[in-house]
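Novice: Residue numbers (this note's numbering): 75 to 373. This is the structure I want to talk about, given as structure tokens.
Laid out in structure tokens, this is it:
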């Protein structure tokens, strides 16, 4: 039940962050990402201090934490934000689902997790469902210069996220705690992102409007502290290959929220897409339990 709760928290929160990100684009993506993770890191450090959690790690451990932070909390998000400047967010969510297949492959290569035909089948069915759900964006996609750049951005972002998942799983295998790892990782990611902004000559700016500040705080607290805490804990328990299916589910949550709050009308093919996503989710997460007789015989 704890895993189910972690899964639901991750999917529901990240399903809503796609809307919040659209309010962040008035400021350069690098700065918005840096602000988000500076705030999230400060919250995690404050919580760790309050709880008396260990914040001392060796240089080697800090290097792996920094590697995770650069992949998950810097490159991944900068590229997602930039991709949404060139192509529709619905298409971004469709393309980003390739992270589920990447997780399966990289988990096998770097972590020695066997490739499960069930996970691959469920992921392919789920991705097909997302394509049906966002069919208008897919059909309207034209490979112009800006769109090609957006396509490259989102695919490299998925690659960065997938490798970050593998590093996070490696860190947990080596007994690095999620909360403190996220505190340092988000700090390293924010510093790297801010440095990239300075190198690129991005003018330092901040949007003091209510939509920007509210969405920034939501992304920092819910989208980063809570959702990443839940997701990476889940990743450590069930592996990057199976936990990565959340990338297929949260675009569906975003669509359902649009249908509820923005009067978006879904057609039959979109409902079929939702059904395929749920079917794929069941296939990926289902695990056959051994019978009591088999367990007793094993003993």
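Ideal Cβ placement from N, Cα and C applies to all residues, glycine included. Because the structure is a prediction, the values reported are computed rather than measured.
Residue 374 and residue 168: beta carbons closer than 8 Å?
Specialist: Nothing can be reported for residue 374, as the shown portion of the chain is limited to 75 through 373.
Novice: Rounding to the nearest angstrom, what Cα-Cα distance links residue 365 and residue 236 in this structure?
Specialist: Its pLDDT being 33, under 50, residue 365 is placed unreliably by the model, and the measurement read from it follows with that caveat. Roughly 34 Å separates the two Cα atoms.
Novice: Can you say whether residue 216 is buried or exposed, counting buried as having 16 or more other CB atoms within 10 angstroms of its CB?
Specialist: Answer is exposed; the Cβ neighbour count stays below 16.
Novice: Indicate whether the contact test is met: 3 or more Cβ pairs, each with one atom in the stretch 246–260 and one in the stretch 105–120, closer than 8 Å.
Specialist: Short answer: they touch.
Novice: Does DSSP put residue 83 in a helix, a strand or coil?
Specialist: In this structure, residue 83 counts as helix in the three-state DSSP scheme.
Novice: Do the stretch 146–163 and the stretch 96–107 make contact, defined as three or more Cβ pairs closer than 8 Å?
Specialist: At 8 Å Cβ cutoff, the stretches touch.
Novice: Are there 16 or more other CB atoms within 10 angstroms of the CB of residue 371, so buried, or fewer, so exposed?
Specialist: Caution applies to residue 371, whose pLDDT of 36 falls short of 50 and renders its modelled position unreliable; the model cannot decide the point.
Novice: Could you check whether the stretch 315–335 touches the stretch 79–92, counting it as contact only if at least three pairs of C-beta atoms, one from each stretch, sit closer than 8 Å?
Specialist: Contact holds: three or more Cβ-Cβ distances are below 8 Å.
Novice: How close, in whole Å, do the beta carbons of residue 286 and residue 98 come, if the pair is a contact with beta carbons under 8 Å?
Specialist: Correct: roughly 7 Å between the Cβ atoms.
Novice: By alpha-carbon positions, which one of 211, 306 and 134 ends up nearest to residue 239?
Specialist: Considering only alpha carbons, the answer is 306.
Novice: Compute the Euclidean distance between the alpha carbons of residue 254 and residue 123, then round it to the nearest angstrom.
Specialist: Rounded to whole angstroms, residue 254 to residue 123 spans 10 Å at the Cα level.
Novice: Once the 5 residues before and after residue 139 are set aside, which same chain residues still bring their CB inside 8 Å of it?
Specialist: So the qualifying residues of the chain are 131, 245, 250, 255, 258, 259 and 262.
Novice: Go ahead and pull the three-state DSSP assignment for residue 171.
Specialist: Note: residue 171 maps to coil in three-state DSSP.
Novice: Residue 216 lies in the alpha helix (DSSP H); which residues open and close that run?
Specialist: Careful: residue 216 lies outside any alpha helix (DSSP H) and carries neither H nor E.
Novice: Taking the C-alpha atoms as reference points, what is the distance between residue 360 and residue 231?
Specialist: Rounded to the nearest angstrom, the two C-alpha atoms are 28 Å apart.
Novice: Considering residue 316, what are the terminal residues of the alpha helix (DSSP H) in which it resides?
Specialist: 314–317 is the extent of the alpha helix (DSSP H) around residue 316.
Novice: With residue 347 and residue 127 assumed to form a contact (beta carbons below 8 Å), what rounded beta-carbon distance in angstroms separates them?
Specialist: Not really, about 42 Å apart at Cβ, beyond 8 Å.
Novice: Please state the DSSP three-state secondary structure of residue 130.
Specialist: Correct three-state label for residue 130: coil.
Novice: State the CB to CB distance for the pair residue 279 and residue 101, rounded to an integer number of angstroms; the pair is presumed to be in contact (CB under 8 Å).
Specialist: Indeed, because the Cβ distance is near 6 Å, the residues count as touching under 8 Å.
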